[in-house]
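Asker: Under the UniProt record's numbering, the first residue of the sequence shown is numbered 1, with each subsequent residue one higher. Where a beta carbon is used, it is the ideal one built from N, C-alpha and C, also for glycine.
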Amino acid sequence: MTEPIVRYQNVHKSFGDVEVLKGIDLDISPSERIAIIGPSGSGKTTIIRMLMTLEEPTSGDIIVNGTNLWKMEKQGKLVQADEKHLRSVRGDIGMVFQHFNLFPHMTILENCMTAPIHVKGVEKAEAEQRSVEMLERVGLKDKMSNYPSQLSGGQKQRVAMARALVMKPKVMLFDEVTSALDPELVGEVLEVIRDIATNDDMAMVLVTHEMDFALDIADQVLFLDQGVIAERGSAQKVINESKNERLQEFLTRFR
Ligand code: ADP
Numbered sequence: 001m002t003e004p005i006v007r008y009q010n011v012h013k014s015f016g017d018v019e020v021l022k023g024i025d026l027d028i029s030p031s032e033r034i035a036i037i038g039p040s041g042s043g044k045t046t047i048i049r050m051l052m053t054l055e056e057p058t059s060g061d062i063i064v065n066g067t068n069l070w071k072m073e074k075q076g077k078l079v080q081a082d083e084k085h086l087r088s089v090r091g092d093i094g095m096v097f098q099h100f101n102l103f104p105h106m107t108i109l110e111n112c113m114t115a116p117i118h119v120k121g122v123e124k125a126e127a128e129q130r131s132v133e134m135l136e137r138v139g140l141k142d143k144m145s146n147y148p149s150q151l152s153g154g155q156k157q158r159v160a161m162a163r164a165l166v167m168k169p170k171v172m173l174f175d176e177v178t179s180a181l182d183p184e185l186v187g188e189v190l191e192v193i194r195d196i197a198t199n200d201d202m203a204m205v206l207v208t209h210e211m212d213f214a215l216d217i218a219d220q221v222l223f224l225d226q227g228v229i230a231e232r233g234s235a236q237k238v239i240n241e242s243k244n245e246r247l248q249e250f251l252t253r254f255r
């Protein structure tokens, strides 16, 4: 058995008095593709935001590549991680957001170059070379001197993917990346994800409502419901064969 690249151990998360995640256990193997589905508000985004270190679990552990994300050892004791520790583990994780989150005042090329230079200490020339390569891969090399406002939603999302890929993450997170797009732009974005799934070997976690796409590329599908993983297994088993009534009801809304 290969060691998991990501391990959630009994992870709970509350916002105020509301417990949003109620004990998540999940192992993600290197190069595994996981789709998370479930009703709005069930905690899907919170699961991946914690991995990106954007939210802190209330209790439990998240371990990435053998390193505890939120805790670090100090004088033989596990204490709350400091910003330096978080930054170093975050370097292994890439995330693409629903609303792109590109830097509006930077060109497309600068958007891609900034994190490798400032987070990973990559030389400027190398960051530029990698960025151009990735923009070419997503079909947007000719737009690299443009600003985000000059691009369509689909193009912005493809830039966001190139920007994440430039960091060479071990895990890529996709948070409903097609939900904010006009329907005719969804296909071009799914094509890039499919290309990554086919040609790269990083682990991928997708929060998605695209059931056919999940069936197509996911090794494992999780159905999250009311803060617990209510069903898990192969995409075929969860999406096409599960008898879980709440899952059935959920699926009728998306198929
Ligand atoms: P999903 O992605 O499944 O729609 P989320 O993970 O976004 O669900 O949210 C789960 C629940 O947590 C929702 O009820 C949401 O309102 C709440 N929530 C998420 N983030 C915050 C926050 N920063 N502060 C307060 N409540 C939050």
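Who are the Cβ neighbours of residue 65 in its own chain at under 7 Å, not counting the five residues just before and after it?
Answerer: If you ignore the 5 residues before and after residue 65, its C-beta comes within less than 7 Å of the C-beta of 5, 92, 170, all in its own chain and listed in chain order.
Asker: Is residue 239 near residue 211, with beta carbons less than 8 Å apart?
Answerer: yes
Asker: Smallest Cα separation from residue 109: which of 2, 147, 84, 38?
Answerer: 147
Asker: According to the Cβ coordinates, are residue 97 and residue 175 closer than 8 Å?
Answerer: yes
Asker: Going by DSSP in three states, residue 99 sits in which element: helix, strand or coil?
Answerer: coil
Asker: Would you tell me roughly how many angstroms separate the C-alpha atoms of residue 22 and residue 47, rounded to the nearest one?
Answerer: 11 Å
Asker: Roughly how many whole angstroms lie between the Cα atoms of residue 77 and residue 45?
Answerer: Computed Cα separation, rounded: 31 Å.
Asker: May I ask which residues mark the beginning and end of the alpha helix (DSSP H) holding residue 159?
Answerer: 153-166
Asker: Hey, residue 246 and residue 235: beta-carbon distance below 8 Å or not?
Answerer: It is not a contact, given that the beta carbons lie outside the stated cut-off.
Asker: Use the C-beta contact count for residue 32: other C-beta atoms within 10 angstroms, 16 or more gives buried, fewer gives exposed.
Answerer: buried
Asker: State the start and end residues of the unbroken beta strand (DSSP E) segment that holds residue 232.
Answerer: 228-233
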